[in-house]
Amino acid sequence: MKTRNPQEEKTTIKPETEKSKKKRQPVGESTEVVKTEGTAMVNDTVLDDATPTPTPLRIAYLLPLMTDVAPRDPSIDRFLEFYEGALLALNSAKDSGQRFEVYVYDTEKSTSKLSGILAKPEWLNMDAIIGPAYPSQVSVISQFAYEHQIPVIIPFTNKVSDLERNPYLIQFNPSNETENDVLIKYLSENKKQPNCIFVNWDEATAKIKQLHAQLHKAGLQCIMAESRCVGNDSLSCFLQADVDNVLILPSEKYSDVQSLFRYVESLGNNASVSLLAFYAWKEQPLPLPAFYSTIFHGTKGLSLEKISYSMNFRRYFGNELENETPRYDYLGYDITRYTIQLLQQKQTGSRLLPVEQLRYRGLQSDIECVRVGEHGGFENRSIQIQTR
4 MKTRNPQEEK
14 TTIKPETEKS
24 KKKRQPVGES
34 TEVVKTEGTA
44 MVNDTVLDDA
54 TPTPTPLRIA
64 YLLPLMTDVA
74 PRDPSIDRFL
84 EFYEGALLAL
94 NSAKDSGQRF
104 EVYVYDTEKS
114 TSKLSGILAK
124 PEWLNMDAII
134 GPAYPSQVSV
144 ISQFAYEHQI
154 PVIIPFTNKV
164 SDLERNPYLI
174 QFNPSNETEN
184 DVLIKYLSEN
194 KKQPNCIFVN
204 WDEATAKIKQ
214 LHAQLHKAGL
224 QCIMAESRCV
234 GNDSLSCFLQ
244 ADVDNVLILP
254 SEKYSDVQSL
264 FRYVESLGNN
274 ASVSLLAFYA
284 WKEQPLPLPA
294 FYSTIFHGTK
304 GLSLEKISYS
314 MNFRRYFGNE
324 LENETPRYDY
334 LGYDITRYTI
344 QLLQQKQTGS
354 RLLPVEQLRY
364 RGLQSDIECV
374 RVGEHGGFEN
384 RSIQIQTR
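When you read off a place in the sequence shown, starting at 1, and then add 3, the result is the number in our numbering.
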């Protein structure tokens, strides 16, 4: 594939941590890149039922790979894994005839680094941008995308302040408000006259308070039990018979609420009681039947696509990653395939993508976006309720 700077030496992106080295070593042509001042281009590499575009698709990735920062932050591994999944999605498209010019930029964590990257001349010819990772960087790329009419798919943060004003933004991770709306719909349709009890209300985080405000606005019954009311079986006085009682703890962080479990675990003996949990708690022990919202439908099961993906991952990167959710390589794969489908279905000459018409079914996540505001961007609304 032609590169913008053929004099730069070839390199291979390799994870620097021992954890990453143990898991996989990128090998093979799918990981060969040309690195140029924090920029990388992968070889020309569509989807089984899509029509390749007559010209190469130009896609840019903005990821905090931190290649020049030492000591290495282990939390950056997830972005390397995201990139590995993206490479597999690009390679799976290769045999169907789609050509690409793919650019990968190391944004680190700063807005100044991103602003410098956006000054490069190749940006004016991009078909789509995937990233960046952090809310402060999103505001920078949002202004650039609006001025140059380039679609941006934001995979990680759910804090996208310009979404209602910028039609070129696509937010994969739904806002707290959107997730709360899904929870309210679930409670209204699946719980009998839900009685929502906020435990230790005086310690509630901003996220829990936002949920309370939306529940109250929707007309659901809410009881605020302050911390002085918890203990010695005093919570039982808030339970109601012949309805479904729902306990809502004061924080979305498991370690902050674990000490409250001993006060609530016996409440289900004499009444219908369930617990609102959070996705991060999915593998943790819970004292009551629970439910939570999620955009990830899991990695279990052996579909043909997952089997093929696993074989290709082992082929190019060695041992496969641990089967936990969310898997960032799956996320990179799904986001990239989704982006390719959007670009292939775009009308010739249009800068806007057919976002609301596409229903994507992925390895780990489904993506169904709706427009936010009359002239705004798009937000993924494919949210599921899981019970346990």
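C-beta: ideal position from N, C-alpha, C; glycine also.
Thinking C-beta only, is I62 closer than 8 Å to A131? On the sequence shown, position 128 is the one that residue 131 refers to. On the sequence shown, position 59 is the one that residue 62 refers to. Yes, they are a contact pair.
List the DSSP bridge partners of A280. In the sequence shown, residue 280 corresponds to position 277, counting from 1. None, per the DSSP bridge assignment.
According to DSSP, is F175 helix, strand or coil? Here residue 175 is taken as the residue at index 172 of the sequence shown, counted from 1. Here F175 sits in coil by DSSP.
Suppose you measure from the CA of Q389 to the CA of Y189; what does that come to, to the nearest Å? Taking the sequence shown and counting its residues from 1, one reaches residue 389 at position 386. Taking the sequence shown and counting its residues from 1, one reaches residue 189 at position 186. Roughly 11 Å separates the two Cα atoms.
Buried or exposed: where does E111 fall if 16 or more other Cβ atoms within 10 Å of its Cβ makes it buried? As a first step, residue 111 must be located in the sequence shown, where it is residue number 108. With 16 or more other Cβ atoms within 10 Å, it is buried.
Looking at the unbroken beta strand (DSSP E) that takes in E104, where does it start and where does it end? If you number the sequence shown from 1, residue 104 lands on position 101. Run containing E104: F103 to D109, per the beta strand (DSSP E) assignment.
K195 classed as buried or exposed, judged by whether at least 16 other C-beta atoms fall within 10 angstroms: Reading the sequence shown from its first residue, position 192 is the one you call residue 195. Answer is exposed; the Cβ neighbour count stays below 16.
So what's F159 in DSSP terms, helix, strand or just coil? What you label residue 159 is simply residue 156 of the sequence shown in a count that begins at 1. F159: coil per DSSP, three-state reduction.
Suppose you measure from the CA of D332 to the CA of S95; what does that come to, to the nearest Å? In the sequence shown, residue 332 corresponds to position 329, counting from 1. In the sequence shown, residue 95 corresponds to position 92, counting from 1. Roughly 14 Å separates the two Cα atoms.
Just the C-alpha distance for E192 and S178, rounded to the nearest angstrom, thanks. Sequence index remark: in the sequence shown, residue 192 carries index 189 (1-based). Sequence index remark: in the sequence shown, residue 178 carries index 175 (1-based). Whole-angstrom Cα-Cα distance: 22 Å.
Taking just the CA atoms, how far does R231 sit from I370? On the sequence shown, residue 370 is found 367 positions in, with the first residue counted as 1. On the sequence shown, residue 231 is found 228 positions in, with the first residue counted as 1. Cα to Cα, I370 sits roughly 43 Å from R231.
Spell out a yes or no on whether the segment 254 to 273 and the segment 159 to 171 are touching, meaning 3 or more CB-CB pairs, one atom from each, closer than 8 Å. no
On the DSSP letters alone, give me the boundaries of the alpha helix (DSSP H) that M227 sits inside. Here the question's residue 227 lines up with position 224 in the sequence shown. From DSSP, M227 is part of no alpha helix (DSSP H) but of the beta strand (DSSP E) over Q224 to A228.
Which same chain residues end up closer than 8 Å to Q217 when comparing Cβ atoms and leaving out the 5 residues on each side of it in sequence? Within the sequence shown, numbered from 1, the residue matching residue 217 stands at position 214. Closer than 8 Å at Cβ, skipping near neighbours: E180, N183, D184 and I187.
Could you give the distance in angstroms between the alpha-carbon of Q261 and the alpha-carbon of R391? Counting from 1 along the sequence shown, the entry for residue 261 is found at position 258. Counting from 1 along the sequence shown, the entry for residue 391 is found at position 388. If you take the alpha carbons of Q261 and R391, they lie about 17 Å apart.
Do F264 and M227 have their beta-carbon atoms positioned less than 8 Å apart in this structure? Position 224 of the sequence shown, counting from 1, holds the residue named residue 227. Position 261 of the sequence shown, counting from 1, holds the residue named residue 264. Cβ atoms of M227 and F264: not closer than 8 Å.
Relative to the alpha-carbon of E229, which residue among L214, L223, L252 and Q243 has its alpha-carbon at the smallest distance? Your numbering for residue 229 matches position 226 in the sequence shown. Minimum Cα distance to E229 is reached at L252.
Quick check: N297 and Q387, are their CB atoms within less than 8 Å of each other? Locating residue 297 in the sequence shown gives position 294, counting from the first residue. Locating residue 387 in the sequence shown gives position 384, counting from the first residue. According to the sequence shown, residue 297 is Thr rather than Asn. Going by C-beta atoms, T297 is nearer than 8 Å to Q387.
Cβ separation of E255 and F281, assumed to be a contact under 8 Å, to the nearest whole Å: Numbered from its first residue, the sequence shown carries residue 255 at position 252. Numbered from its first residue, the sequence shown carries residue 281 at position 278. So it is a contact: roughly 5 Å between Cβ atoms.
Nearest-angstrom Cβ-Cβ length linking F103 and L60, presumed shorter than 8 Å: Translated into the one-based positions of the sequence shown, residue 103 becomes position 100. Translated into the one-based positions of the sequence shown, residue 60 becomes position 57. Between L60 and F103 the Cβ distance is about 5 Å, and since that is below 8 Å, they are a contact.
Within the segment 50 to 124, ranges of the beta strand (DSSP E) (whole runs, at least 3 residues): 60 to 66 and 103 to 109
If you draw a straight line from the alpha carbon of V49 to that of E150, how long is it in whole angstroms? Indexing the sequence shown from 1 puts residue 49 at position 46. Indexing the sequence shown from 1 puts residue 150 at position 147. With a pLDDT of 35 at V49, under the threshold of 50, the predicted position of this residue should be treated as unreliable, though the coordinate-derived value follows. Using only the alpha carbons, I get a separation of about 29 Å.
So, for N198: in the same chain, excluding its five sequence neighbours on each side, which residues have a beta-carbon less than 6 Å away from its beta-carbon? In the sequence shown, the residue the question calls residue 198 occupies position 195. Once the five neighbours on either side are set aside, the close Cβ partners of N198 are Q224, Q243, V246 and N248.
Compare the C-alpha of N273 against each of F381, I338, F241 and D259 and name the closest. As a first step, residue 273 must be located in the sequence shown, where it is residue number 270. N273 has its Cα closest to that of F241, out of F381, I338, F241 and D259.
Tell me whether Q367 sits in a helix, a strand or coil according to DSSP, three-state version. As a first step, residue 367 must be located in the sequence shown, where it is residue number 364. Of the three classes helix, strand and coil, the one that applies to Q367 here is coil, per DSSP.
Would P154 pass as a contact of I144 if the rule is Cβ separation under 8 Å? On the sequence shown, position 151 is the one that residue 154 refers to. On the sequence shown, position 141 is the one that residue 144 refers to. In this structure, I144 does not lie closer than 8 Å to P154 by Cβ.
Sub-8 Å separation of R340 and Q367 beta-carbons: Locating residue 340 in the sequence shown gives position 337, where the first residue counts as 1. Locating residue 367 in the sequence shown gives position 364, where the first residue counts as 1. For R340 and Q367, no; Cβs fall outside 8 Å.
Have a look at Y64 and Y336 and give me their C-alpha separation to the nearest angstrom. Walking along the sequence shown from the start, residue 64 turns up at place 61. Walking along the sequence shown from the start, residue 336 turns up at place 333. The straight-line gap from Cα to Cα measures roughly 13 Å.
Should I343 be counted as a contact of the ligand ZN given a C-beta to heavy atom distance under 7 Å? Ligands displayed in this structure: none; no statement on the ligand ZN is therefore possible.
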